[in-house]
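A.B. asks: Take a look at the following structure, please.
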Amino acid sequence: MTTIRLPIFPLNTVLFPGLVLPLNIFEQRYRALMRDLQEIPEDAPRRFGVVAIRDGREVAPTAVGMPDPTARAAAGPAAGFGPDPMRAFHTVGCVADATSIRERSGDGEEADGDGERDGGDGYEVLATGTTRFRLLSVDASGPYLVGEVEELAEDGGEGAGALASGVLRAFRAYQKQLAGARERTLAGGQELPDEPSVVSYLVAAATVLDTPTRQRLLQAPDTATRLAEELRILRRETALIGRLPSVPAADLTRVPTSPN
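In short: position in the sequence shown from 1, add 4, done, that's our numbering.
Shown next, in the form of structure tokens:
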């Protein structure tokens, strides 16, 4: 088993391969990470690992879970994640490549005890998910968390092609039902991919799902298993939406609650 070390960025959401992740960075630990990534040449991958934070009920009382966005961020690389950060995270995550890191100028707020500004300096980052990994251990000795990870290959599984076609049909029906429940017009002519693994990740990201369900899809053993689960989910959700007069605030279930 070959392992590598990656900076770890915990979020209250799941990143899938091929999907774009915008980040607004202001915590000290993640500013330090972005400064180090900026030292890597632009033509080389600036990689870090995104892991989803387990629900607050599943981890230590000090864990972030659903953070208060108005609270002052705690200091330290593992702050908010309890004495054992591994217990606070789902162990299958996604490698992210920071394709754009733009520094934001400070607004004159006072520096904290470490000489870092508590709220002004920061970064606007665009990252793209690349490959899945399994988190094996977490090192909290530096300015930010670093994990030992094993990258996971994508296995197609049996019948992935046929399942992908079925999922695309079910996804279009789901989109129509959801648009009707929201009294919105569905944009026509949308081009959707047909490569099974790409379909599986796109549908997982585009369907209104909670974090545990997204996580189960991310860690599916192969593409065919993920697609089969999505087909069940889409059929169930489409039927459910059809019985409702409207879907109020459905987008709220997709908003990440990470302070970054």
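Just so you know, even glycine gets a beta-carbon here, dropped at the ideal spot from N, CA and C.
Can you tell me where the beta strand (DSSP E) holding Thr17 begins and where it ends?
C.D. replies: Translated into the one-based positions of the sequence shown, residue 17 becomes position 13. Element bounds for Thr17: n/a, residue is neither H nor E.
A.B. asks: Given that a residue counts as buried once 16 or more other Cβ atoms are within 10 Å of its Cβ, and exposed if not, what is Arg39?
C.D. replies: Taking the sequence shown and counting its residues from 1, one reaches residue 39 at position 35. So Arg39 counts as exposed.
A.B. asks: Can you grab the Cα-Cα spacing for the pair Tyr127 / Ala209, in whole Å?
C.D. replies: By one-based count along the sequence shown, residue 127 stands at place 123. By one-based count along the sequence shown, residue 209 stands at place 205. Each residue's alpha carbon lies about 24 Å from the other.
A.B. asks: Could you check the C-alpha separation between Arg108 and Val129 for me, to the nearest Å?
C.D. replies: Residue numbering aside, residue 108 sits at position 104 when the sequence shown is read from its first letter. Residue numbering aside, residue 129 sits at position 125 when the sequence shown is read from its first letter. If you take the alpha carbons of Arg108 and Val129, they lie about 10 Å apart.
A.B. asks: What residues in its chain sit with their C-beta under 7 Å from that of Val55, if we drop five residues either side in the sequence?
C.D. replies: The sequence position of residue 55 within the sequence shown is 51, counting from 1. Around Val55: Ile12, Pro14, Phe93, His94, Gly97 and Leu139.
A.B. asks: Rounded to a whole number of angstroms, what is the C-alpha to C-alpha distance between Gly161 and Leu206?
C.D. replies: Counting from one through the sequence shown, the residue named residue 161 turns up at place 157. Counting from one through the sequence shown, the residue named residue 206 turns up at place 202. Approximately 18 Å, taken between the alpha carbons.
A.B. asks: Since Asp159 and Pro225 should fall inside the 8 Å C-beta cutoff, what is the C-beta to C-beta distance between them, to a whole number of angstroms?
C.D. replies: Taking the first residue of the sequence shown as 1, we reach residue 159 at position 155. Taking the first residue of the sequence shown as 1, we reach residue 225 at position 221. With 8 Å as the limit, Asp159 and Pro225 qualify as a contact, their Cβ atoms being about 7 Å apart.
A.B. asks: So Gly146 and Leu23 are supposed to be a Cβ contact under 8 Å. How far apart are they, rounded?
C.D. replies: Along the sequence shown, one-based indexing puts residue 146 at 142. Along the sequence shown, one-based indexing puts residue 23 at 19. Not quite, the Cβ-Cβ distance comes to about 28 Å (not below 8 Å), so this is no contact.
A.B. asks: Which complete beta strand (DSSP E) runs does the region 20-44 hold, if anything under 3 residues is left out?
C.D. replies: The qualifying runs are 24-29.
A.B. asks: Within its chain, find whatever has a CB closer than 6 Å to the CB of Ser141; leave out the 5 residues flanking it on each side and keep chain order.
C.D. replies: As a first step, residue 141 must be located in the sequence shown, where it is residue number 137. Glu152.
A.B. asks: Tell me which residues share the same chain as Arg230 and place their Cβ nearer than 6 Å to its Cβ, disregarding the 5 neighbours each side in the sequence.
C.D. replies: For the purposes of this step, residue 230 is taken as residue 226 along the sequence shown, with counting starting at 1. Hits under 6 Å: Ser204, Leu221 and Ala224.
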